[in-house]
Amino acid sequence: MSFLGHLEELRWRLVKSVAAILVVAIVLFIFRKEVVDTVFMSMKEVNFPTYNFFCWLSHTVGAGDELCANKISINTQSISPTGQFSVSMYFSFIGGFIVMFPFVFYQIWSFIRPALKETEFKVAKGSVFWASILFLLGVAFGYFVVSPLAVQFFGSFHVSDGVTNNFTINSYLSLITTTTLFSGLFFELPMVIMILTKLGLVSSGFLKKYRKHALVIVLIVSAVITPPDVISQVLVAIPVMLLYEIGIVVAKRIENTRKSYG
1 MSFLGHLEEL
11 RWRLVKSVAA
21 ILVVAIVLFI
31 FRKEVVDTVF
41 MSMKEVNFPT
51 YNFFCWLSHT
61 VGAGDELCAN
71 KISINTQSIS
81 PTGQFSVSMY
91 FSFIGGFIVM
101 FPFVFYQIWS
111 FIRPALKETE
121 FKVAKGSVFW
131 ASILFLLGVA
141 FGYFVVSPLA
151 VQFFGSFHVS
161 DGVTNNFTIN
171 SYLSLITTTT
181 LFSGLFFELP
191 MVIMILTKLG
201 LVSSGFLKKY
211 RKHALVIVLI
221 VSAVITPPDV
231 ISQVLVAIPV
241 MLLYEIGIVV
251 AKRIENTRKS
261 YG
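No gaps in the numbering here: position 87 of the sequence shown is 87 in full-length UniProt numbering, and each next residue is one more.
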């Protein structure tokens, strides 16, 4: 295929991806009230599944109500004429991308696959499945762990009893959607390492050598996307570092495959 042929192929892959995202985004926009009430506003309530789990865990280990959620004093409001419309568009597109991520990744993979050698294709077999699983696990982790911690922390934090938390609907929904999306992308770390290893940019030895540096970076990133407390940062950092170790195993496997085939 010529260079222009590759560009045409890439264009159609992107068109298909955008079209799929738009279809889901339109559906989410139509049912925006149900989505906002069920997915977003429920996180302000103390009976949200995550808060119930931590409260149960607290009682199980004999810590009383230490881990139970307090009343989350959050009021949401829209302070601009286009506020509710723009935030509806925003979460619809983000939701469309999250739902259709497996399809989008499949389109990207289908574009790259013809350029792989047979040995490389065998190593990368199942990439779409594992990339989708990792992304969805990250999304679930972001939604059920990181986002509730952020909402509870910022909703319960007060600089003074005379100040109430009246969040704009844009900032509240953006906090949840952004945290959830980035968590899903962070969980793609093993896939990123696999690609970089195949390109010869990193190796298992390189990853092992800079493991401590990676930990520092992960902790910094965790501090950015989580509430400013140590527990939240550790909860995010642990699974990401586990994925980093999985990435080392993946890189080693690719290297061994290359050696086997000379």
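Using N, Cα and C, we set each Cβ at its ideal position, and we do this for glycine too. Since we're looking at a predicted model, the values are computed, not measured.
Under DSSP, the beta-bridge partners assigned to N166 are N75. Distance check between F101 and each of A140, H158, A20 places A20 closest, using alpha-carbon atoms only.
The C-alpha of N165 is placed about 50 Å away from the C-alpha of L7. By the neighbour-count definition (other C-beta atoms within 10 Å, threshold 16), F141 is a buried residue. By the beta-carbon neighbour count (other beta carbons within 10 angstroms, threshold 16), S80 is exposed. In the DSSP annotation of this structure, the continuous segment of the alpha helix (DSSP H) that includes N52 starts and ends at 49-60. Burial check for L181: the Cβ neighbour count within 10 Å reaches 16 or more, so the residue is buried. Non-local beta-carbon contacts of L196 in its own chain, meaning distances under 7 Å to residues more than five positions away in sequence, involve V202 in chain order.
With a minimum length of 4 residues, the unbroken runs of alpha helix (DSSP H) contained wholly in the stretch 170-217 fall at 189-198, 204-209.
Annotated as proximal: V24 and V99, with beta-carbon spacing under 7 Å.
The Cβ neighbour count for Q77, taken over all protein chains shown within 10 Å, is under 16; the residue is labelled exposed. When R11, L10, P148 are compared, the shortest CA-CA separation from F53 is found for P148. When DSSP states are grouped into helix, strand and coil, A131 belongs to the helix group. Around the beta carbon of V15, a 10 Å sphere encloses fewer than 16 other beta carbons of the protein chains shown; the residue is thus reported as exposed. For A150, the enclosing alpha helix (DSSP H) has its first and last residue at 147-156. About 11 Å separates the CB atoms of L175 and F91; that is not less than 8 Å, and the two are not in contact. Taking 8 Å as the upper bound for CB-CB distance, T168 and G95 are not in contact here, some 19 Å apart.
Of V249, V250, I217, the smallest CA-CA separation from V234 is found for I217. In this structure, the alpha-carbon of E34 lies about 47 Å from that of K252. By the criterion of a C-beta distance shorter than 6 Å, V46 is surrounded in its chain by A69, once the five residues flanking it on both sides are discounted.
Exposure of V159 is indicated by the presence of fewer than 16 other C-beta atoms within 10 angstroms of its C-beta. In this structure, F187 sits away from G155, with a CB-CB distance that is not shorter than 7 Å.
Rounded to whole angstroms, L207 and I248 show a C-alpha spacing of 6 Å. Sorting V128, G64, R11 by C-alpha distance to the C-alpha of V192 places V128 at the top.
Around the CB of I133, fewer than 16 other CB atoms lie within 10 Å, so the residue is classed as exposed. When secondary structure is reduced to three states using DSSP, E66 falls in the coil class, being assigned neither helix nor strand.
Taking the Cα of E245 as reference, the smallest distance to any Cα among S171, S222, A214 is reached at A214. Taken through DSSP and simplified to helix, strand or coil, T38 comes out as helix.
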